[in-house]
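Written below as structure tokens is the structure these notes are about.
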Amino acid sequence: MPDIDRSLVERVLAGDRRAIASAISLVENRDAAAVPLLQELFPQTGRAQVVGITGAPGAGKSTLVEKLAAEHRRRGARVGILAVDPTSPFSGGAILGDRVRMQSLAHDTGVYIRSMATRGQLGGLAPATQDAVAILDAAGCERILIETVGVGQDEVEVARLADATVLLLVPGLGDDIQTFKAGVMEIADVFVINKSDRQGADRVEQEVTALLSLATRPDGWRPPIVKTVATTGQGIGELLESLEQFRAFGEKNEAAKRRRREHWRSRLLELLRQTLFEKAVAKPIGDGSLDRQISELLSHRRDPHQMVEEIIGGFLKPSVTRNAASSITAAKVHHLGVAVESLASAVPLFQRLVGKAPDSEETVADQKVRVAVFRLNEVRVELLEAMGADSPIAKFIAKRGQGIHHLALAVEDLLGTLRKLEGDGVRLIDREARTGACNERIAFLHPSSTAGVLIELIEES
Ligand SMILES: Nc1nc2c(ncn2[C@@H]2O[C@H](COP(=O)(O)OP(=O)(O)O)[C@@H](O)[C@H]2O)c(=O)[nH]1
Ligand SMILES: [Mg+2]
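Position one of the sequence shown corresponds to residue -2 (the working numbering), numbered consecutively onward.
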């Protein structure tokens, strides 16, 4: 984990606007330095009231947010504003129009305005916004307003981050209410009918009232309907009062407490989901294989379900095979056997190669070989010299010349392993254990069924 930038932490806590900007950029870019920073700031959070303001493009959200912020300033609160608009073509956080619109606040050091317009290709708008909220909270913003476009799932997620959600409706858009997804309607704690200077505000109010009468919320809160004219500031005071009432309601309401618990639960799960996703999948996406896979889908060569299984299989495989390898337990390399013409010349050669003298030399009568053993950490190298023309080593050298003769694997249960392998159709040279070098119990598998490699199994003592 990178070092914590103490001075950045201090400056954020002091409410320094440039420090806040750098800190939010770190979380937006998912910079590694963001994690220790947020860790330092987190104990200083939890004081701000976070209000999400959502609604269709052009409903007047930015105008309303500016007026709400100005009202909060009049009442002495410090304000943070996050404008979240994934539909914005501007990257790096510039919803130009909003900045211009909120210009009356631009010179007030008690207000921090930030656009969160970037949605990385891995998604995760909500976590970045939540982290930005934490930064503003730690920086002493008592009120945080999040403007989101109420159109998609991401925006619903962002709204869930808030302590209170305001849904802006406007008259004159025809069947407004029906055009909103059910999910968006349900997250509203306060309904605002903005542009109430226009015709049709009453009709929208009736529609919302009718809709609200259909169901009662689990917490018993009846969302108020506030009519506003954001351009003039009319109704802003009333909206603020409604939000205060909702806040007071939430402080003693059990369902609201559960909701806060639920909030942290989904926050944790979402962060987990995103982090796992990034760790496991970011690389294949980054290295271009995703593009190749998309081409295969486009041409209908492979189906997406199969592909997803494959991608997931790709990073689960190592642990899966480890578990499945019960046929040969603890298949460690025990030693490599090297067939040599003469120990007298091979031993000094290997001694130079490995930088030490052999640990032992012995005769294995059973195999008609003389063996020089070099112990190199956990693996041994055994040099094998034939003790007669009928030794397997002599036959090997006659056929293939000097070289690696066999690979020895250590197993826990030699006989059990032999029976399992036999059951799997592996050809055995030894159906029972016999005695090898160092008095170990050994058995050989036939190279014809092990990719041409003579395998010796050694029972671990
Ligand atoms: N007539 C009228 N126009 C408004 C009102 N609120 C906002 N507007 C205008 O609606 C347009 C869109 O407002 P904006 O705040 O950018 O909407 P946003 O996309 O929801 O953020 C702007 O031209 C505003 O001046 C209102 O209450 N009445
Ligand atoms: Mg806006």
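For every residue, glycine included, the Cβ atom is placed at its ideal position computed from N, Cα and C. Here the structure is a predicted model, which is why all the values come from computation and not from measurement.
Using DSSP's beta-bridge definition, name the partner residues of residue i.
i	result
residue 113	81
residue 332	377, 405
residue 270	In DSSP, residue 270 forms no bridge with anything.
residue 162	49
residue 431	439
residue 224	190
residue 337	382
residue 400	336
residue 350	In the DSSP output, where bridge partners are listed per residue, residue 350 has none listed.
residue 76	108, 140
residue 265	DSSP output for residue 265 lists no bridge partner at all.
residue 102	Paired residue(s): none; residue 102 is not in a bridge.
residue 425	442
Starting from residue i, follow the alpha helix (DSSP H) in both directions and report where the run begins and ends.
i	result
residue 206	198 to 210
residue 189	Unbroken run through residue 189 is the beta strand (DSSP E), 187 to 190; no alpha helix (DSSP H).
residue 243	233 to 249
residue 36	31 to 38
residue 389	389 to 397
residue 7	3 to 10
residue 69	58 to 71
residue 460	Nothing can be reported for residue 460, as the shown portion of the chain is limited to -2 through 458.
residue 417	411 to 420
residue 290	286 to 295
Any heavy atom of ligand 1 closer than 6 Å to the CB of residue i?
i	result
residue 198	no
residue 66	no
residue 192	yes
residue 226	yes
Measuring only from the beta carbon, is residue i closer than 6 Å to any heavy atom that is part of ligand 2?
i	result
residue 58	yes
Which two residues bound the contiguous beta strand (DSSP E) that contains residue i?
i	result
residue 372	366 to 373
residue 452	452 to 456
residue 361	357 to 361
residue 142	140 to 146
residue 167	Careful: residue 167 lies outside any beta strand (DSSP E) and carries neither H nor E.
Candidates the options: which alpha carbon is nearest residue i's?
i	options	result
residue 26	129, 424, 254	129
residue 418	396, 398, 452	452
residue 101	248, 406, 296, 228	228
residue 28	404, 2, 47	2
residue 439	60, 449, 138, 427	427
residue 432	422, 411, 369, 450	411
residue 213	422, 236, 186, 190	186
residue 392	407, 365, 236	365
residue 209	188, 290, 199, 403	188
residue 11	133, 304, 144, 112	133
residue 183	367, 309, 216	216
residue 68	142, 160, 31, 421	142
residue 385	424, 338, 415, 352	338
residue 137	8, 169, 377	8
residue 291	276, 308, 275	308
residue 135	303, 275, 21	21
residue 425	254, 444, 407	444
residue 51	44, 381, 146, 57	146
residue 261	394, 389, 158	158
residue 34	45, 165, 19	19
residue 57	38, 77, 108, 224	224
residue 380	351, 163, 396, 408	351
Does the Cβ of residue i lie closer than 6 Å to at least one heavy atom of ligand 4?
i	result
residue 54	Ligand 4 is absent from the structure shown, which contains only ligand 1 and ligand 2.
Against chain B, with Cβ distances strictly below 7 Å, would residue i count as a contact?
i	result
residue 23	Annotation note: the requested chain B is absent from the structure, which comprises a single protein chain.
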